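Each remark here refers to the structure printed beneath this line.
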Amino acid sequence: MDAFLLGASEVLSFSTLIMMFFGAIAGIVAAAIPGFTVTMAIVLTLPLTFALPPLQGVSVMLSVYVGGYTGGLISAALLGIPGTPSALATTFDAYPMARKGEPGRALSLGVWASFFGTLISTAVLIVAAPPLAVFAVKLGPWEYFSLIVFALTIVASLVGHSLQRGLISALIGLAIATIGTDPMMGRPRFDMGFDALRAGLPFLVVLIGIYAISQLASEVEDPKSIKTGEKLVKGEIRFNNLSVMREVLMRPINLIRSSMIGVAIGALPGAGGSIANLIAYDQAKRASKTPEDFGTGTPEGVIASESGNSATAGGGLIPMISLGIPGSAVDAILLAALMVHGISIGPRLIMDNPDLVYGMFIAMAVSSLMMLLVCVVSMRAFLRVAEVPKWVIVPTVLVCCIVGTFALNNRVSDLSLLIAIGIFGYAMKALDYPLAPLVLAVILGPIAETNLRRALMTNNDWSLFLTRPVSLIFLVAALLSIAWAIRGFIKNKPSTPQTKDHN
Amino acid sequence: MSEDRDQMLTQQAGEIARLLSYVALLAVSVSMFLEARTIPTSRFEALGAGAFPMLVHALLSLLLISAIIGAVRRIPTEAYPRFASQVVQWVQARRLVLLMFLCLLVYVTAMPMIGYPIATLVFLLILLVTLSPKTKSAVALSVVLALVFSYGLNWLFAEMFNVFLPRGR
């Protein structure tokens, strides 16, 4: 209880609330700009939080995260272009609704559904994370290694268009993670005589290079489109908040089902909002008495998609807090933010820093409230941001990436690494390799290696990975995820929609 | 019909490009596997510092070999002679991407010598003016943005966060 109050007092302090308010605005603005992903917004927020205490910094990033999931709805509803892949299913009904002359209703429905989706996922997070962490403390290095194998195979099988390239991408990530001193004995490896590589590739430099630089490069691929801008808002937009809130709450089953789908998928490593919104939409359509209305502007579709994608935010924090395994690139950045502050990540996080974990729970709820307030009060002003042309976004965000990378370690050599990784990331993207498995493998690689070597230091018997029940379950699950993905690819009709791998 | 054919040709070019990437990655992976074998083992543990990288590179090499075999089987032989001209077209279509990376390389190389504000000002002016529509208002906005993100950001980081961006020699 003391830890809860301590966390609450820090999150609810005036300075944190003000920063979270601006964080929510930044998230909404960023995701509203097509081509600017939630992940990029969080990456750019990170250096700004270095000077803050850990909880304050993470709270600001959570507000960007929650705001970002909502911001994707703006261009989805008004232009039919999802601002983020997680808003893909939102375009199916919010866009027709807006075209029928109800853009305000489409946006308000999305905002309220996002709000309730985040609240429900936060409630599940509070209930599920602590017992899972207590269980996780009892796991040995065998189970941890097998869990990471499972996490990487499921990421590789869920994102992108090819399981083979997904696995190759994950193994490249693991290979990158082995550059630099080894995590157990400190022996130098693969530094090729470069001082910059001696300590290994900094995870955040890899992340910014792979996600932000390569994404920005993709944005300038078409010389014609970059110089033109399309007007977003045509006609008047009215928000009837109270009636829309009632409209959302009058569909409790759809709201709760979609949110629970979001939580469950968010908790799976690698899946995330880009899949959750499609599955939630699909389930809502199957359960509906009037499935033929879906796709024509029905509120059911908007509520399912938006509550589903927003609920993944809380769901993704469950494995991160209880196991120290990030579920998505955004969770990986949050984890890195805690590591920058010297906080050790893993199942002991909730025992050693309960105020921080409870503070994160509260920050999630507060963030969703902030997002709601910001959207309700000033949605019209935000609509302007989607008009910012790409020729302004690309160069200025590039400079922000450079500054953010330099600020991590105050090292100019990191900038050369950033460009090299950016070019590598762009090449991988152009060749249709999924990037999410690589990024997650870079952060999970040292944990996997440490646990593998620790397991064999404790007992030199490899069969323990198969004879310890929990370890066996994870390894079987890893095999099943690969088999399931192969089956999906063979049938060429995957049961889960294959998605782009950025949020 | 011709659209379908164009799409098929693009797919085949993509397959060849991926095949080349598999071969390049395989070469790197095999050489790193061999280097990992030379890392001395410790007497305190069963696995040495080289064991995990060897495991990773062995798996990666196996996957890449299977990917190479699969790609070679899929790609028709008549697709190879077309590939060089398709690469040239692809590169030409992405000239702005190349320009962006070139500007970034020069920018990052010059920054330690001339300092963050000047390097950023020049970098932004070049890139913004190149990418923007050629109107007076766009050029004016480019100048304002270049000043804000060079001198403005430098001031913000120094005064607010105590992070001093490179000052130059």
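Chain order of the listed sequences is A and B.
Residue numbering for the first sequence follows the numbering used here, beginning at 1 and increasing consecutively.
Residue numbering for the second sequence follows the numbering used here, beginning at 504 and increasing consecutively.
Backbone N, C-alpha and C fix where the C-beta goes; we use that ideal spot for every residue, glycine too.
Predicted model only: the values in this text are computed from it and were never measured.
Any Cβ of chain A within less than 8 angstroms of the Cβ of Pro620 of chain B?
The residue labelled residue 620 of chain B in the question sits at position 117 within the second sequence. Judged by the 8 angstroms Cβ criterion, Pro620 of chain B is not in contact with chain A.
Quick check: the region 298-309 of chain A against the region 341-351 of chain A, are there 3 or more CB pairs under 8 angstroms?
Contact fails: fewer than three Cβ-Cβ distances are below 8 angstroms.
Mind reading off the beta-carbon distance from Asp414 of chain A to Pro141 of chain A? Whole number of angstroms is fine, and I expect it under 8 angstroms.
Locating residue 414 of chain A in the first sequence gives position 414, counting from the first residue. Locating residue 141 of chain A in the first sequence gives position 141, counting from the first residue. Contact flag wrong, Cβ pair sits at about 32 angstroms.
Just to confirm, is the Cβ distance from Gly309 of chain A to Ala87 of chain A under 8 angstroms?
To locate residue 309 of chain A, count along the first sequence from 1; it is residue 309. To locate residue 87 of chain A, count along the first sequence from 1; it is residue 87. The question names Gly, but residue 309 of chain A in the sequence shown is Asn. Closer than 8 angstroms, so yes.
Just the C-alpha distance for Ser588 of chain B and Gln515 of chain B, rounded to the nearest angstrom, thanks.
The residue labelled residue 588 of chain B in the question sits at position 85 within the second sequence. The residue labelled residue 515 of chain B in the question sits at position 12 within the second sequence. Whole-angstrom Cα-Cα distance: 13 angstroms.
For Arg99 of chain A and Thr298 of chain A, what's the separation of their Cα atoms in angstroms?
Here residue 99 of chain A refers to the residue found at position 99 of the first sequence. Here residue 298 of chain A refers to the residue found at position 298 of the first sequence. Each residue's alpha carbon lies about 12 angstroms from the other.
Quick one, are the C-beta atoms of Ile28 of chain A and Gly67 of chain A less than 8 angstroms apart?
Along the first sequence, one-based indexing puts residue 28 of chain A at 28. Along the first sequence, one-based indexing puts residue 67 of chain A at 67. Yes; because the gap between Cβ atoms is below 8 angstroms, this pair is in contact.
Just the C-alpha distance for Leu163 of chain A and Ala332 of chain A, rounded to the nearest angstrom, thanks.
The sequence position of residue 163 of chain A within the first sequence is 163, counting from 1. The sequence position of residue 332 of chain A within the first sequence is 332, counting from 1. Looking at the two C-alpha atoms, the distance is approximately 22 angstroms.
For Pro620 of chain B, count neighbouring Cβ atoms within 10 angstroms of its own Cβ and tell me buried if that reaches 16, exposed if not.
As a working mapping, residue 620 of chain B is identified with position 117 in the second sequence. Classification of Pro620 of chain B: buried, given that the 10 Å Cβ count is 16 or more.
Assuming Gly404 of chain A and Ile213 of chain A make a contact with CB atoms under 8 angstroms, what is their CB distance in whole Å?
As a working mapping, residue 404 of chain A is identified with position 404 in the first sequence. As a working mapping, residue 213 of chain A is identified with position 213 in the first sequence. That pair is no contact at about 11 angstroms.
Are Ile226 of chain A and Leu537 of chain B touching if we call contact CB-CB under 8 angstroms?
As a position in the first sequence, residue 226 of chain A is number 226, starting the count at 1. As a position in the second sequence, residue 537 of chain B is number 34, starting the count at 1. No. Outside cutoff.
List, in order along the chain, the chain B residues whose C-beta lies closer than 7 angstroms to that of Pro141 of chain A?
By one-based count along the first sequence, residue 141 of chain A stands at place 141. In chain order: nothing, as chain B lies at least about 12 angstroms away.
If you run the structure through DSSP and keep just helix, strand and coil, what is Phe489 of chain A?
Here residue 489 of chain A refers to the residue found at position 489 of the first sequence. Three-state DSSP puts Phe489 of chain A in a helix.
For the alpha helix (DSSP H) containing Met97 of chain A, name the first residue and the last one.
Numbered from its first residue, the first sequence carries residue 97 of chain A at position 97. Note, Met97 of chain A: alpha helix (DSSP H), 90-99.
For Phe135 of chain A and Val376 of chain A, I'd like the C-alpha separation in whole angstroms.
Here residue 135 of chain A is taken as the residue at index 135 of the first sequence, counted from 1. Here residue 376 of chain A is taken as the residue at index 376 of the first sequence, counted from 1. The alpha-carbon atoms of Phe135 of chain A and Val376 of chain A are separated by roughly 41 angstroms.
Using 10 angstroms around the beta-carbon of Arg577 of chain B, count the other beta-carbons present and answer buried if the total reaches 16, otherwise exposed.
Position 74 of the second sequence holds residue 577 of chain B. Arg577 of chain B comes out exposed.
If we ignore side chains and look at the alpha-carbon of each, how far apart do Asp501 of chain A and Gly166 of chain A end up?
For the purposes of this step, residue 501 of chain A is taken as residue 501 along the first sequence, with counting starting at 1. For the purposes of this step, residue 166 of chain A is taken as residue 166 along the first sequence, with counting starting at 1. Confidence at Asp501 of chain A is low in this model, with a pLDDT of 47, below 50, so the placement of that residue should be treated as unreliable; the coordinate-derived value is given next. Rounded to the nearest angstrom, the two C-alpha atoms are 11 angstroms apart.
Any beta-carbon of chain B closer than 8 angstroms to the one on Gln215 of chain A?
On the first sequence, residue 215 of chain A is found 215 positions in, with the first residue counted as 1. With 8 angstroms as the cut-off, Gln215 of chain A does not count as an interface residue toward chain B.
Need the endpoints of the alpha helix (DSSP H) that Gly104 of chain A sits in, please.
Within the first sequence, the letter at position 104 stands for residue 104 of chain A. Where Gly104 of chain A is concerned, the enclosing alpha helix (DSSP H) stretches over 103-137.
Determine, using beta-carbon pairs with one atom in the region 451-463 of chain A and one in the region 188-197 of chain A, whether at least three such pairs fall under 8 angstroms.
No: the two stretches stay apart, fewer than three of their Cβ pairs being nearer than 8 angstroms.
Could you list which residues in chain A have their beta carbon closer than 7 angstroms to that of Ile542 of chain B, in chain order?
Taking the second sequence and counting its residues from 1, the one referred to as residue 542 of chain B is at position 39. Within 7 angstroms Cβ-Cβ: Arg187, Arg189.
Which whole-angstrom value is the C-beta distance of Thr45 of chain A and Val60 of chain A, which I expect to be below 8 angstroms?
Counted from its first residue, the first sequence places residue 45 of chain A at position 45. Counted from its first residue, the first sequence places residue 60 of chain A at position 60. Indeed, because the Cβ distance is near 6 angstroms, the residues count as touching under 8 angstroms.
Could you compute how far the alpha carbon of Ile490 of chain A sits from the alpha carbon of Leu480 of chain A?
The count along the first sequence starts at 1 and reaches residue 490 of chain A at position 490. The count along the first sequence starts at 1 and reaches residue 480 of chain A at position 480. If you take the alpha carbons of Ile490 of chain A and Leu480 of chain A, they lie about 15 angstroms apart.
Chain A beta carbons: is any one of them nearer than 8 angstroms to that of Thr623 of chain B?
Against the second sequence, residue 623 of chain B aligns to sequence position 120. At least one chain A Cβ lies under 8 angstroms of Thr623 of chain B.
How close, in whole Å, do the beta carbons of Ala649 of chain B and Leu628 of chain B come, if the pair is a contact with beta carbons under 8 angstroms?
Stepping through the second sequence from its first residue, residue 649 of chain B is reached at position 146. Stepping through the second sequence from its first residue, residue 628 of chain B is reached at position 125. Confirmed, about 5 angstroms.
Short check: CB of Val149 of chain A to CB of Leu372 of chain A, under 8 angstroms?
Looking up residue 149 of chain A in the first sequence gives position 149. Looking up residue 372 of chain A in the first sequence gives position 372. Contact flag unset, no.
Since Thr467 of chain A meets chain B, which of its residues come closer than 8 angstroms, beta carbon to beta carbon?
As a first step, residue 467 of chain A is located in the first sequence; it is residue number 467 there, counting from the start. Those do not exist, as Thr467 of chain A stays about 17 angstroms from chain B at its closest Cβ, beyond 8 angstroms.
CB Phe652 of chain B to CB Val399 of chain A, shorter than 8 angstroms?
For the purposes of this step, residue 652 of chain B is taken as residue 149 along the second sequence, with counting starting at 1. For the purposes of this step, residue 399 of chain A is taken as residue 399 along the first sequence, with counting starting at 1. Their beta carbons are under 8 angstroms apart, which means Phe652 of chain B touches Val399 of chain A by this criterion.
Would a C-beta distance cut-off of 8 angstroms place Ala552 of chain B and Ile568 of chain B closer than the cut-off?
As a first step, residue 552 of chain B is located in the second sequence; it is residue number 49 there, counting from the start. As a first step, residue 568 of chain B is located in the second sequence; it is residue number 65 there, counting from the start. Not in contact: Ala552 of chain B and Ile568 of chain B (Cβ atoms no closer than 8 angstroms).
Please look up how many angstroms separate the CB atoms of Val531 of chain B and Ile571 of chain B, rounded, as I've assumed it's under 8 angstroms.
If you number the second sequence from 1, residue 531 of chain B lands on position 28. If you number the second sequence from 1, residue 571 of chain B lands on position 68. The pair is not a contact, with the Cβ atoms about 14 angstroms apart (cut-off 8 angstroms).
Report the neighbours of Asn460 of chain A on chain B: residues whose CB is nearer than 7 angstroms to its CB, in chain order.
Translated into the one-based positions of the first sequence, residue 460 of chain A becomes position 460. The answer, in chain order, is Ala549.
Given a limit of 8 angstroms on CB to CB distance, which residues of the region 320-342 of chain A reach chain B?
So nothing in the stretch comes that close.
Pull up the CB-CB distance for Ala574 of chain B and Leu529 of chain B, whole angstroms please, since I reckon it's below 8 angstroms.
Position 71 of the second sequence, counted from the start, is the residue given in the question as residue 574 of chain B. Position 26 of the second sequence, counted from the start, is the residue given in the question as residue 529 of chain B. Wrong, their Cβ atoms sit about 12 angstroms apart, outside the cutoff.
List, in chain order, every chain A residue whose beta-carbon is nearer than 9 angstroms to that of Met495 of chain B.
Since the first and last residues shown for chain B are 504 and 672, residue 495 of chain B lies out of range.
Would you report the Cα separation of Arg257 of chain A and Ala123 of chain A, rounded to the nearest angstrom?
Position 257 of the first sequence, counted from the first residue, corresponds to residue 257 of chain A. Position 123 of the first sequence, counted from the first residue, corresponds to residue 123 of chain A. C-alpha separation (whole angstroms): 14 angstroms.
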